[in-house]
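Visitor: Chains A and B are the protein sequences, given in the same order.
According to the numbering used here, the first sequence is numbered sequentially starting from 1.
According to the numbering used here, the second sequence is numbered sequentially starting from 1001.
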Amino acid sequence: MFGLSNPQRFMAFTGPLTPVLWAVAAVLLAVGTWLSFTVPSDYQQGDTVRIMFVHVPAAVWGLGAYSALGVSSFFALVFRHALADAAARAAALPGAAFTALALFTGSLWGQPMWGTWWVWDARLTSVLVLFLFYLGYMALRASIDDEQKGARAAAVLGLVGLINLPIVKFSVDWWNTLHQPASFLTPGSSGLDPVYLPPFLTMLAAYGVLFSALWLTAIRTEIRRRRVLTLRARQALEA
Amino acid sequence: MLDLDMAPYAAFVWPAWGVSALVLAALVARAVIASRKWKRELERLETDPTSDASDSNRPQVARSAIGPLK
Chain A
1 MFGLSNPQRF MAFTGPLTPV LWAVAAVLLA VGTWLSFTVP SDYQQGDTVR IMFVHVPAAV
61 WGLGAYSALG VSSFFALVFR HALADAAARA AALPGAAFTA LALFTGSLWG QPMWGTWWVW
121 DARLTSVLVL FLFYLGYMAL RASIDDEQKG ARAAAVLGLV GLINLPIVKF SVDWWNTLHQ
181 PASFLTPGSS GLDPVYLPPF LTMLAAYGVL FSALWLTAIR TEIRRRRVLT LRARQALEA
Chain B
1001 MLDLDMAPYA AFVWPAWGVS ALVLAALVAR AVIASRKWKR ELERLETDPT SDASDSNRPQ
1061 VARSAIGPLK
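Here it is in structure tokens:
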């Protein structure tokens, strides 16, 4: 595992793995979409239950991506490891996109079910804060000309943002919220009707594998980009 | 059996799925395009190291760069 922290070994290992992840993600997304529109509508929520199959995976992997960003930031900051910094940077955009999708699809689900597009309850607000952390991370990196300084400042922000993850997760337990409490990943039993489990779990896996493919591809791209910068700098010195 | 009749919630279900599909497709397209661009650029520099010596697009900082890939 630690051997993969070497960029050469990382590139060699992820080279054949990445296309496999893309293919698995495509298959899971196709199967998950098919299953999502073949299950019966919910007796209370009607067809809006189908929004769940894109909303919850986006929210779960929005959180997952930030965990990856935060842990990578820790290694980048403490050990000054270039690959960890590349991994943190690579997780930001897909994570932000997934979180934005969770907010958008949640709003579309909330309007017919709650009668409002948005409410400042703890879950929705903490997810919005998560999205702002993503934006702040990317903006901070982009705003500092010196890449190393920008990476360090962004890593600090990335670490600070980790505090928000348990707040997002437990917000529905700590406060009274309009958002429902955790029902899918509750230990012991799932509050979800068994008929919805196949599309839900397939889409959850699809988003996870897709994030992995996006993340690995972006890390590989970042490694190549830095190598190009190194070669250009060397040539400029020799010229 | 495939059920595509979302009435009376079509105005909520289809935008949720449509925007999700668009965003995921955009993420994939961006990742693939960027990957190809830098792969091509790296191959070009490694095969013809002198081709980029006068490139005005020089890095401001190369200290964070990663060593040889091969």
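Built from N, CA and C at the ideal position, the CB exists for glycine as well.
Alpha carbon to alpha carbon, how far is residue 229/A from residue 238/A? Give it in angstroms, no decimals.
Guide: Roughly 14 Å between the two C-alpha positions.
Visitor: Alpha carbon to alpha carbon, how far is residue 98/A from residue 199/A? Give it in angstroms, no decimals.
Guide: Distance between the alpha carbons of residue 199/A and residue 98/A: 18 Å.
Visitor: Over what stretch of residues does the alpha helix (DSSP H) that includes residue 212/A continue unbroken?
Guide: It spans 197-238 - the alpha helix (DSSP H) in which residue 212/A sits, taken as one unbroken run.
Visitor: Quick one: what's residue 70/A bridged to in DSSP?
Guide: Note: residue 70/A sits in no beta bridge, so no partner.
Visitor: Consider the Cβ of residue 1048/B: report whether some Cβ of chain A lies at a distance smaller than 7 Å.
Guide: False, the Cβ-Cβ gap to chain A never drops below 7 Å.
Visitor: Measure the alpha-carbon distance for residue 7/A versus residue 1047/B and round it to whole angstroms.
Guide: Looking at the two C-alpha atoms, the distance is approximately 20 Å.
Visitor: Go through its chain and collect everything with a Cβ distance to residue 93/A's Cβ below 6 Å, but skip five positions before and after it.
Guide: If we look at residue 93/A and ignore the five residues flanking it on each side, it has no Cβ neighbours.
Visitor: Using a Cβ distance threshold of 8 Å, determine whether the stretch 126-137 of chain A contacts the stretch 66-83 of chain A, with at least three qualifying pairs required.
Guide: Enough Cβ pairs lie closer than 8 Å, so yes.
Visitor: Step through the CB atoms of chain A and report whether any lies within less than 7 Å of the CB of residue 1034/B.
Guide: Yes, contact with chain A.
Visitor: If you run the structure through DSSP and keep just helix, strand and coil, what is residue 47/A?
Guide: It is helical.
Visitor: Near residue 240/A, what residues of its chain come up, given a Cβ to Cβ distance below 8 Å and the 5 sequence neighbours on each side ignored?
Guide: Since the first residue shown for chain A is 1 and the last is 239, residue 240/A is missing from the structure and cannot be characterised.
Visitor: If we ignore side chains and look at the alpha-carbon of each, how far apart do residue 233/A and residue 5/A end up?
Guide: One C-alpha to the other measures close to 24 Å.
Visitor: With a threshold of 7 Å between beta-carbons, can residue 1022/B be considered close to chain A, or not?
Guide: Residue 1022/B does not count as touching chain A.
Visitor: Of the residues 21/A, 9/A, 109/A, 89/A, which one's Cα is nearest the Cα of residue 51/A?
Guide: Minimum Cα distance to residue 51/A is reached at 109/A.
Visitor: Looking only at its chain, what residues have a beta carbon closer than 7 Å to the beta carbon of residue 164/A, apart from the 5 residues adjacent to it on each side?
Guide: 126, 129, 130, 133.
Visitor: Excluding the 5 residues preceding and the 5 following residue 1005/B in the sequence, name in chain order all residues of the same chain whose CB lies nearer than 7 Å to its CB.
Guide: Answer for residue 1005/B: no residue qualifies.
Visitor: Considering only the alpha carbon of each residue, which of 86/A, 162/A, 208/A lies closest to residue 60/A?
Guide: Minimum Cα distance to residue 60/A is reached at 208/A.
Visitor: Examine chain A for any beta-carbon lying closer than 7 Å to the beta-carbon of residue 1061/B, and answer yes or no.
Guide: Low local confidence applies: a pLDDT of 46 at residue 1061/B is under 50, so the model's placement there is unreliable, with the coordinate-based value given in what follows. Yes, because at least one Cβ of chain A sits closer than 7 Å to the Cβ of residue 1061/B.
Visitor: Using 8 Å for Cβ pairs, my map puts residue 91/A next to residue 215/A. What's the rounded Cβ distance?
Guide: Sure, about 6 Å apart at Cβ, within 8 Å.
Visitor: Measure the C-alpha to C-alpha separation of residue 160/A and residue 87/A and round it to an integer number of angstroms.
Guide: If I take the Cα positions, the gap works out to 17 Å.
Visitor: If contacts are defined as beta-carbon pairs under 8 Å, then residue 221/A and residue 1035/B qualify, I think. What distance do you get, rounded to the angstrom?
Guide: Rounded, the Cβ-Cβ distance is 5 Å, consistent with contact.
Visitor: Based on Cα-Cα distance, which residue from 17/A, 206/A, 42/A, 150/A lies nearest to residue 27/A?
Guide: When each option's Cα is compared against that of residue 27/A, the closest is 206/A.
Visitor: Residue 56/A and residue 1017/B: beta carbons closer than 7 Å?
Guide: Taking 7 Å as the Cβ cut-off, residue 56/A and residue 1017/B do not qualify as a contacting pair.
Visitor: Given this structure, state the Cα-to-Cα distance separating residue 193/A from residue 22/A, to the nearest angstrom.
Guide: Rounded to the nearest angstrom, the two C-alpha atoms are 30 Å apart.
Visitor: Using DSSP's beta-bridge definition, name the partner residues of residue 42/A.
Guide: Paired residues: 46/A.
Visitor: Report yes if the C-beta distance between residue 84/A and residue 76/A is below 7 Å; otherwise report no.
Guide: For residue 84/A and residue 76/A, yes; Cβs fall inside 7 Å.
Visitor: With a threshold of 7 Å between beta carbons, is residue 1058/B in contact with chain A?
Guide: In this predicted model, residue 1058/B has a pLDDT of only 48, less than 50, meaning its place in the structure is not dependable; the value taken from the coordinates is given anyway. Closer than 7 Å: yes.
Visitor: According to DSSP, simplified to helix, strand and coil, what is residue 55/A?
Guide: Correct three-state label for residue 55/A: helix.
Visitor: Report buried or exposed for residue 79/A, applying the criterion of at least 16 other Cβ atoms within 10 angstroms of its Cβ.
Guide: Burial call: exposed.
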